[in-house]
Amino acid sequence: MVGGPLSRQTTFRTRFAPSPTGPLHLGHAYSAIFAHDRVRAAGGEFLLRMEDTDLERCRPEWEAQIVEDLTWLGLTWDGPIRRQSDKLADYMARLEPLRDLLYPCSCTRADIRAALSAPQEGVAFAVYPGTCRGRGMESRQPGDALRLNLAAALDAIGPEVTFTETGPAHAGTHRIDRATALERIGDVVLSRKGEEIVAYFLASAFDDADQGISHVIRGEDLFDFTPVQVILQRLLGLPTLVYHHHALIRDDHGKRLAKRDDARAIAKYRTDGASPQDIRRMVGL
Ligand code: GLU
Numbered sequence: 001m002v003g004g005p006l007s008r009q010t011t012f013r014t015r016f017a018p019s020p021t022g023p024l025h026l027g028h029a030y031s032a033i034f035a036h037d038r039v040r041a042a043g044g045e046f047l048l049r050m051e052d053t054d055l056e057r058c059r060p061e062w063e064a065q066i067v068e069d070l071t072w073l074g075l076t077w078d079g080p081i082r083r084q085s086d087k088l089a090d091y092m093a094r095l096e097p098l099r100d101l102l103y104p105c106s107c108t109r110a111d112i113r114a115a116l117s118a119p120q121e122g123v124a125f126a127v128y129p130g131t132c133r134g135r136g137m138e139s140r141q142p143g144d145a146l147r148l149n150l151a152a153a154l155d156a157i158g159p160e161v162t163f164t165e166t167g168p169a170h171a172g173t174h175r176i177d178r179a180t181a182l183e184r185i186g187d188v189v190l191s192r193k194g195e196e197i198v199a200y201f202l203a204s205a206f207d208d209a210d211q212g213i214s215h216v217i218r219g220e221d222l223f224d225f226t227p228v229q230v231i232l233q234r235l236l237g238l239p240t241l242v243y244h245h246h247a248l249i250r251d252d253h254g255k256r257l258a259k260r261d262d263a264r265a266i267a268k269y270r271t272d273g274a275s276p277q278d279i280r281r282m283v284g285l
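Here it is, written out as structure tokens:
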């Protein structure tokens with residue numbers, strides 16, 4: 001259901017940004033209701049965005065189901081739904097100013113694993129060992145990924161970036177210093193191998209800026225991407241936002257819910273006769 005038009009004056013604006021690769025389950029419902037209720041209670045705006053850059057896995061029927069489930073839950077959003085699939089060429093064009101900080105990379109996952117001598121404990125994603133870092137953009141072959149030269153990027157933005165987190169697990173001001181960034185983030189892929197599609201965390205950083213988002217409210221599983229997004233925001237001259245990563249809804253065994261957990265899909269609870277209030281109770285809201 002579409003609410004009122006967007007106002008430019010609002011200082012609290014958040015969004016729910018699902019990837020339509022499966023049904024909405026209890027974990028998504030929690031995230032959407034939590035963000036929606038918070039922003040509405042403060043008189044702010046709630047936006048809906050489909051993060052559908054994975055063209056193979058995203059389906060219009062899942063999007064329709066998500067919209068139906070959110071509406072059934074009683075959530076309203078402001079303005080039209082934004083779709084990342086409409087913006088793919090735009091995102092690539094907006095990478096252009098970073099050209100001097102990018103390099104093409106032909107490494108496969110297996111190459112990267114082989115180049116890393118030991119598994120990296122406590123690091124969210126495998127930090128790239130830098131095999132292709134010496135390559136210039138002129139050597140780009142069809143099929144190459146594009147990586148960010150993080151050391152050069154950090155030189156460009158200054159010694160330290162900070163962001164504010166208000167979620168329970170990591171509340172406070174986070175400083176990302178050079179040594180930690182190089183050790184834990186490294187040269188991330190900004191455009192995937194063989195595709196003119198930017199990485200999800202970059203598309204999402206562009207969208208948050210374009211949609212005038214002030215607060216990102218999302219699951220704790222995405223906390224580790226935040227420093228990368230903040231570095232990219234600084235590099236691209238985009239505003240840095242306030243982040244709130246909430247706890248995840250887990251199943252009885254403590255495992256976080258995934259889209260494949262169809263048994264916990266909102267649509268299933270609906271056909272079994274649950275009410276929106278029952279869903280709120282189930283997720284503790
Ligand atoms: N599309 C992401 C997901 O479904 C959410 C990204 C975000 O909220 O920043 O997990």
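Residues 1 to 285, numbered by the numbering used here, are exactly what the sequence shown covers, in order. Ideal Cβ positions, reconstructed from N, Cα and C, are used throughout, including at glycine.
Exercise. Does the stretch 231-241 come close enough to the stretch 201-208 to have 3 or more Cβ pairs within less than 8 Å?
Worked result: yes
Exercise. So is Val2 buried or exposed if we call it buried at 16+ other beta carbons inside 10 Å?
Worked result: Only weak support exists for where Val2 lies, its pLDDT of 44 falling under 50; the coordinates are left without a value.
Problem set entry | Rounded separation between Val228 and Leu222 - CA only | 11 Å
Problem set entry | Proximal residues to Arg286 (C-beta, below 7 Å), its chain only, five neighbours per side dropped | Outside the shown range of the chain (1 to 285) lies residue 286, about which nothing can therefore be said.
For this session: Please determine if the stretch 139-146 and the stretch 94-105 are in contact, where contact requires at least 3 C-beta pairs separated by less than 8 Å.
Result: yes
Exercise. For His25, which three-state DSSP category applies?
Worked result: strand
Problem set entry | Neighbourhood of Ile217 by C-beta distance below 6 Å, restricted to the same chain and skipping five residues each side | Cβ neighbours of Ile217 beyond the five flanking positions: Thr14, Ala35, His244.
Exercise. How many angstroms separate the CA atom of Tyr128 from the CA atom of Arg99?
Worked result: 19 Å
Exercise. Which residue from Thr271, Val283, Pro97, Pro142 puts its Cα closest to that of Asp252?
Worked result: Ranking Thr271, Val283, Pro97, Pro142 by Cα distance to Asp252 puts Val283 first.
Exercise. Between the C-alpha atoms of Lys255 and Gly194, what's the straight-line distance to the nearest angstrom?
Worked result: 34 Å
Exercise. Beta carbon of Pro18: closer than 7 Å to some heavy atom of the ligand GLU?
Worked result: Flag set: Cβ of Pro18 near the ligand GLU.
For this session: Could you name each continuous beta strand (DSSP E) segment of 3 residues or more that falls completely within the stretch 163-196, going from the start of the chain to the end?
Result: Here the runs fully enclosed are 172-177, 189-191.
Exercise. Can you name, in chain order, every residue of its own chain whose Cβ lies under 6 Å from the Cβ of Arg109, other than the five neighbours on each side?
Worked result: Excluding sequence neighbours, Arg109 sits near nothing in its chain.
For this session: Please determine, among Arg264, Arg280, Ala199, Arg270, the residue with the shortest C-alpha to C-alpha distance to Tyr91.
Result: Ala199
For this session: Using 7 Å as the cut-off, classify the Cβ of Leu222 as near or not near the heavy atoms of the ligand GLU, replying yes or no.
Result: yes
Problem set entry | Heavy atom of the ligand GLU within 7 Å of Glu138 beta-carbon | no
For this session: Quick one: give me the first and last residue of the beta strand (DSSP E) that Ser16 is part of.
Result: In the sequence as presented, Ser is not what sits at residue 16; that position holds Phe. Judged by DSSP secondary structure, Phe16 falls within the beta strand (DSSP E) whose first and last residues are 13-16.
Exercise. Do you know how far the Cα of Ala93 is from the Cα of Lys54?
Worked result: Per the sequence presented here, residue 54 reads as Asp, with Lys not at that position. Cα-Cα distance, rounded: 19 Å.
Problem set entry | Top-ranked residue by Cα proximity to Pro168, from Arg135, Asp78, Ala247 | Ala247
For this session: Flag Arg175 as yes if its beta-carbon sits less than 8 Å from any beta-carbon of chain D, otherwise no.
Result: Any reference to chain D falls outside this structure, which holds one protein chain only.
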